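See structure below.
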Amino acid sequence: QKMLTPTPFEPDYGLHVWLAYSEDGRRKKHRSEPFIARDMFYLDGADIQRVYVIPSYELVIVRVGNDVPGMWDDAFVPNTLIRGTVKERMKDKG
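The sequence shown maps to residues 15 to 108 in the working numbering.
Spelled out as structure tokens, the structure:
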């Protein structure tokens, strides 16, 4: 739990992880929209390597590869996968 507690200096940062639920921090410029999963946190590595962890969806997303031209959108991959997951869940309940 302490790992996911925002620091006083940076509301988007816990203990060595970036947090998804703050709209007050500096990292919001790296995403096109708020994260859907408010419990998501992620590790940020070199060349846009990411590990997104979303406990509420039992989902871990690993992004490896080279840097991309322009600005990487941290919300795109997790939000797209969550939207697809929700759509599939609704179809299954049909």
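Where a beta carbon is used, it is the ideal one built from N, C-alpha and C, also for glycine.
Since we're looking at a predicted model, the values are computed, not measured.
Straight-line Cα distance separating residue j from residue i
{"i": "PHE23", "j": "TRP32", "result": "13 Å"}
{"i": "GLY59", "j": "LYS101", "result": "30 Å"}
{"i": "GLU72", "j": "THR99", "result": "11 Å"}
Cβ shell of residue i (< 8 Å), same chain only, five flanking positions each side left out
{"i": "ILE68", "result": "ALA51, ASP53, MET54, VAL74, ILE75, PRO92 and ILE96"}
Among the options, nearest to residue i - alpha-carbon criterion
{"i": "TYR56", "options": "GLY84, LYS101, PRO83 and LEU18", "result": "LEU18"}
{"i": "THR94", "options": "THR21, ARG45 and GLY84", "result": "ARG45"}
{"i": "SER70", "options": "HIS30, ASP26 and ALA34", "result": "ALA34"}
Own chain partners of residue i with C-beta closer than 7 Å, once the 5 adjacent residues on each side are dropped
{"i": "VAL82", "result": "ILE62"}
Continuous beta strand (DSSP E) stretch holding residue i: start and end
{"i": "PHE55", "result": "55 to 58"}
{"i": "VAL110", "result": "This structure leaves residue 110 out entirely; the chain is present only between 15 and 108."}
{"i": "TYR66", "result": "64 to 68"}
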